[in-house]
Amino acid sequence: MIIPIGHEHETVRRLPWVTFGIMIVCASMLVLSDSGVLDGGDDGLSAEIAAQYYFEHPYLELDPRFESLLAQAFPHQTSEPYLEAIRSVFPPPEDGGTLAGEQNELDRMTAESMTQLNRNGYRRLGLVPGDRSALGWITHMFMHAGFLHLLGNLLILYLAGPFIEDVWGRPLFLVFYLAAGLSAALLFLMVEPDSMVPLVGASGAIAGVMGAFTIRYWNTRIRFFYIFGIVFRGTFDAPAWMMLPLWFAEQLAMAMVADTGGGGVAYWAHVGGFVFGIGFAALMARNGIEKKYLERRIAEKTETAIVSNPEVEQALLAREAGDLSGAWNLLENQVRTGPPNLDASLALWSLAGETGRTAEAAPVLLALVEMELRSGETGMAVSHWLELQEHAPGLPVRTDLLVRIGQALLTANQREAGLAALRRALLEGGTGLNPSLALRIARAAEESDPGLCLGAARIALGNPEIQAAERRQALALTEINQP
Numbered sequence: 001m002i003i004p005i006g007h008e009h010e011t012v013r014r015l016p017w018v019t020f021g022i023m024i025v026c027a028s029m030l031v032l033s034d035s036g037v038l039d040g041g042d043d044g045l046s047a048e049i050a051a052q053y054y055f056e057h058p059y060l061e062l063d064p065r066f067e068s069l070l071a072q073a074f075p076h077q078t079s080e081p082y083l084e085a086i087r088s089v090f091p092p093p094e095d096g097g098t099l100a101g102e103q104n105e106l107d108r109m110t111a112e113s114m115t116q117l118n119r120n121g122y123r124r125l126g127l128v129p130g131d132r133s134a135l136g137w138i139t140h141m142f143m144h145a146g147f148l149h150l151l152g153n154l155l156i157l158y159l160a161g162p163f164i165e166d167v168w169g170r171p172l173f174l175v176f177y178l179a180a181g182l183s184a185a186l187l188f189l190m191v192e193p194d195s196m197v198p199l200v201g202a203s204g205a206i207a208g209v210m211g212a213f214t215i216r217y218w219n220t221r222i223r224f225f226y227i228f229g230i231v232f233r234g235t236f237d238a239p240a241w242m243m244l245p246l247w248f249a250e251q252l253a254m255a256m257v258a259d260t261g262g263g264g265v266a267y268w269a270h271v272g273g274f275v276f277g278i279g280f281a282a283l284m285a286r287n288g289i290e291k292k293y294l295e296r297r298i299a300e301k302t303e304t305a306i307v308s309n310p311e312v313e314q315a316l317l318a319r320e321a322g323d324l325s326g327a328w329n330l331l332e333n334q335v336r337t338g339p340p341n342l343d344a345s346l347a348l349w350s351l352a353g354e355t356g357r358t359a360e361a362a363p364v365l366l367a368l369v370e371m372e373l374r375s376g377e378t379g380m381a382v383s384h385w386l387e388l389q390e391h392a393p394g395l396p397v398r399t400d401l402l403v404r405i406g407q408a409l410l411t412a413n414q415r416e417a418g419l420a421a422l423r424r425a426l427l428e429g430g431t432g433l434n435p436s437l438a439l440r441i442a443r444a445a446e447e448s449d450p451g452l453c454l455g456a457a458r459i460a461l462g463n464p465e466i467q468a469a470e471r472r473q474a475l476a477l478t479e480i481n482q483p
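Heads up: the sequence shown runs through residues 1 to 483, numbered per UniProt numbering.
1) Is it right to say T304 is buried, meaning 16 or more other beta carbons lie within 10 angstroms of its own, or is it exposed?
2) Give every residue of the same chain whose Cβ lies closer than 7 angstroms to the Cβ of residue 493, excluding the five residues on either side of it in the sequence, and list them in chain order.
3) Are T110 and L62 closer than 9 angstroms when you measure CB to CB?
4) Can you tell which of H7, L127, I2 has the C-alpha that lies nearest to the C-alpha of P239?
5) Identify every residue that forms a DSSP beta bridge with D237.
6) Assuming Y217 and F163 form a contact by the criterion Cβ under 8 angstroms, report the distance between their Cβ atoms to the nearest whole angstrom.
7) Leaving aside the five residues before and after V234 along the sequence, list all residues of the same chain whose C-beta is less than 7 angstroms from its C-beta, in chain order.
8) Considering only residues of the same chain and omitting the five flanking positions on each side of L461, which have a CB-CB separation below 6 angstroms?
9) Please work out which residues of its chain come closer than 6 angstroms, Cβ to Cβ, to L365, disregarding the five sequence neighbours upstream and downstream, and give them in chain order.
10) Rank P363, Q116, R170 by C-alpha distance to the C-alpha of I49 and give the top, closest one.
11) Of all the alpha helix (DSSP H) runs that stay within the bounds of the stretch 99-166, which reach a length of 4 or more residues?
12) Which same chain residues end up closer than 6 angstroms to I156 when comparing Cβ atoms and leaving out the 5 residues on each side of it in sequence?
13) Give me, in chain order, the residues of the same chain whose beta-carbon lies closer than 7 angstroms to that of E10; leave out the 5 immediate sequence neighbours on both sides.
14) In the DSSP assignment, find the alpha helix (DSSP H) that holds P91 and state where it starts and stops.
15) Start and end of the beta strand (DSSP E) containing H7?
16) What is the residue span of the alpha helix (DSSP H) that L199 lies within?
17) Taking DSSP as the reference, what is the three-state secondary structure of F74?
18) Relative to the C-alpha of A392, which candidate in R398, T358, L422, L402 has its C-alpha closest?
19) When you compare only the Cα positions, how much space is there between V369 and S345?
20) Alpha carbon to alpha carbon, how far is T399 from A438?
21) If you draw a straight line from the alpha carbon of S68 to that of M114, how long is it in whole angstroms?
22) Would you check if the stretch 177-189 and the stretch 240-253 touch, i.e. whether three or more CB-CB distances between them fall below 8 angstroms?
23) On the three-state DSSP scale, how would you describe A269?
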């Protein structure tokens, strides 16, 4: 079993209210369902009685809707070879009147069972392909078949949803999420048009979010926990471009080989959602929609909703009036005690350059660099880091942040600055450097500095906490980069 537990992006600029709202609605619906508030039927008792009556009278004709349900619940017992076998055990009565009476009784039972089943919350709020409702197209995305079903879906949504919501904005993300869920359901209905088993769960919509994450955060390294049996367990990192398409390939394969209904898992819904997410995000990237239309608007809303403060305006007015000390105090108070504020941080850094206090303001700009890296604003992060190195080269920096900065610099073709950050991370981490970080340094430096790559891989191998998968990666890197 392999479970994603995190990735290198840790924070967003605004609280992801849409993502949190979806999670709350899904959890609330499960609580209501489990408490019986949404149910009005007999928990399937009448259906069990009707099924038992049919198996004792296998020569009778079944209501097609009930037959579909029975095939889902008892695939072996409803197969033609099995029915032929039991028909020899339970032959039809010779008297036509008796046969008609039995048929009427079965029809009454199945009609009653369908009435009771339709009062069930999952059937009323789920999406039943053979008996679909307009409401079910939306509500099925918030219904779940149990706690584990809910927990698995919400874990993935929590890891991916906030970061797509952060860069696309709340309104577009909500529209995208619902559209992904509808696309997932549509493909499932195309494959299973007559199924009477309700489709429930957020996994189709969440698969769409995963598809979007694959495109938007292509190179993001995701951390996974794995466990096989009792002995083999640990963690490993892998890029989104590798693991998420592999998950999609697994879902597609399972959809193609699974029996009707997928054994309780709607694989075709996962396929439909993921394909929609990939296509939507690719269209966004191809047309530059995020940079042209969304980036500035989201930044403005972020500043207005979260970071704007009258103190910033007062500080700018004080600076214009020549009161540099007063401006400094106002800005410093804002960045030290207030929420993240891009304007205040940049204004303080600019004022620091004017007053010769860059050493004091350097930690503020470093915090801004980290925030920019997490939100995907790599260009701004690189620019501000280079400023820091010019004015405050000795500023203490966490090792993991140095590694991320080094990777960003190399991606931005700032080779020397990137390698310098990676070397510094390796030197400051020393032999106690986390194996995962050491491997990130090695992979980042593999093409630009084989010596640094080799050194980082050896440090990873020397750490007793290294996982088996990490050891294999480190050994491969040492073999490739041996002088």
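Glycine included, each C-beta is placed from N, C-alpha and C at the ideal position. It should be emphasised that the depicted structure is a prediction, and the values quoted were computed from it without experimental measurement.
Let me spell this out:
1) Any reading at T304 is ruled out, since the residue's pLDDT is 43, under 50, leaving its predicted position unreliable.
2) An answer regarding residue 493 cannot be provided, because it is not within the stretch 1 to 483 covered by the chain.
3) yes
4) H7
5) R223
6) 7 angstroms
7) With the sequence shown as reference, residue 234 is identified as Gly, and Val is not the correct amino acid for it. For G234, where only same-chain residues beyond five positions count, the Cβ hits under 7 angstroms are Y226, Q467, A468, A469.
8) A474
9) W349, H384, L388
10) Q116
11) 121-125, 134-139
12) I206
13) R374
14) P91 -> no alpha helix (DSSP H), and no H or E assigned at all.
15) 2-7
16) Element bounds for L199: n/a, residue is neither H nor E.
17) coil
18) T358
19) 11 angstroms
20) 10 angstroms
21) 12 angstroms
22) no
23) helix
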